[in-house]
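Enquirer:
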Amino acid sequence: MIRLLTHIRSNMIAYLALFVALGGTSYAAVNLPAGSVGNRQLRNHSVSAIKLERSSIGGYVHDWATIDGQGQLVGSRPKARLLRWSVTGMPGGIISWGRPFPYACFIVATTDTAPTPVSYASASNSNAGNKSGRPQGAAVFLSAPHTGVHVAVICPQP
């Protein structure tokens, strides 16, 4: 009992801050109707171009690609190629943008869950036959065949 009282006394300010923060968020979630905060509620110039500049954001999308459930490249930036893709057996493959990634970049893959209720994707850097050894593509692995996937190469700001 003494340990509990000592713990509460030591962390009283932290608990108070937690309850105040959760209380305000809960109030807003319960009392504000859905979609009630929009352009009319934002003050002019509260979101300026400087807040959206690359230097003020931690990272940016270097390259991206979308592959549908049949293994067709739907869209990409810049132009990507499917070096290898399979929707049977072990689904997934390798996507290449034809240029190396900066070393600090990482790859993220998410699935379209419409055809299957539960699916996931993982992605990693692949040098895909590049002689320099620098990553030039993404190796994507899917948990379910015939699952669409979105792949993004995220890089930190210089």
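Throughout the sequence shown, residue numbering follows my numbering, covering 14 to 171 in sequence.
We put the beta carbon where it would ideally sit given N, CA and C, even for glycine.
Between R92 and W110, what straight-line distance do the alpha-carbon atoms span, to the nearest angstrom?
Expert: To locate residue 92, count along the sequence shown from 1; it is residue 79. To locate residue 110, count along the sequence shown from 1; it is residue 97. Just to set this straight, residue 92 is Lys in the shown sequence, not Arg. So the two alpha carbons sit approximately 6 Å from each other.
Enquirer: Helix, strand or coil for S139? Go by DSSP, reduced to three states.
Expert: In the sequence shown, counting from the first residue as 1, residue 139 sits at position 126. Strand at S139.
Enquirer: For G150, is the classification buried or exposed, using 16 other Cβ atoms within 10 angstroms of its Cβ as the cut-off for buried?
Expert: Start at 1 with the first residue of the sequence shown, and residue 150 comes out as number 137. Counting Cβ neighbours within 10 Å, G150 comes out buried, since at least 16 surround it.
Enquirer: Tell me whether the segment 132-141 and the segment 80-91 touch, counting them as touching only if at least three CB pairs, one residue from each stretch, are closer than 8 Å.
Expert: no
Enquirer: Does the beta-carbon of P46 have 16 or more other beta-carbons within 10 angstroms, so that it is buried, or is it exposed?
Expert: Working through the sequence shown from its first residue, we reach residue 46 at position 33. Per the 10 Å Cβ criterion, exposed.
Enquirer: Please classify V100: does DSSP put it in a helix, a strand, or coil?
Expert: By 1-based counting over the sequence shown, the position of residue 100 is 87. The answer is coil: DSSP assigns V100 none of H, G, I, E or B.
Enquirer: What does the alpha-carbon distance come out to for the pair G48 and A42?
Expert: Within the sequence shown, residue 48 is the residue found at index 35, counting from 1. Within the sequence shown, residue 42 is the residue found at index 29, counting from 1. About 11 Å.
Enquirer: If you measure between the beta carbons of H75 and A122, is that distance less than 9 Å?
Expert: Numbered from 1 along the sequence shown, position 62 holds the residue referred to as residue 75. Numbered from 1 along the sequence shown, position 109 holds the residue referred to as residue 122. No, the Cβ-Cβ distance between H75 and A122 is not below 9 Å.
Enquirer: If I follow the unbroken alpha helix (DSSP H) through L29, where does it start and stop?
Expert: The residue given as residue 29 occupies position 16 in the sequence shown. Counting along the chain, the alpha helix (DSSP H) containing L29 begins and ends at 25-44.
Enquirer: Using 10 angstroms around the beta-carbon of S135, count the other beta-carbons present and answer buried if the total reaches 16, otherwise exposed.
Expert: For this step, residue 135 is matched to residue 122 along the sequence shown. Exposed, because fewer than 16 other Cβ atoms sit within 10 Å of the Cβ of S135.
Enquirer: Have a look at I120 and V100 and give me their C-alpha separation to the nearest angstrom.
Expert: Here the question's residue 120 lines up with position 107 in the sequence shown. Here the question's residue 100 lines up with position 87 in the sequence shown. Going by the C-alpha atoms only, they are around 21 Å apart.
Enquirer: Hey, quick one: how far does the beta strand (DSSP E) through F119 stretch, first residue to last?
Expert: Against the sequence shown, residue 119 aligns to sequence position 106. That run of the beta strand (DSSP E) goes 119-124.
Enquirer: Go through its chain and collect everything with a Cβ distance to G82's Cβ below 8 Å, but skip five positions before and after it.
Expert: Along the sequence shown, one-based indexing puts residue 82 at 69. Hits under 8 Å: V100, D125, P128, H159, T160, G161.
Enquirer: Measure the Cβ-Cβ separation of I107 and L96 and say whether it is below 9 Å.
Expert: Position 94 of the sequence shown holds residue 107. Position 83 of the sequence shown holds residue 96. Taking 9 Å as the Cβ cut-off, I107 and L96 qualify as a contacting pair.
Enquirer: Which residues share a DSSP beta bridge with T79?
Expert: Translated into the one-based positions of the sequence shown, residue 79 becomes position 66. Looking at the DSSP output, T79 shares a beta bridge with G88, H163.
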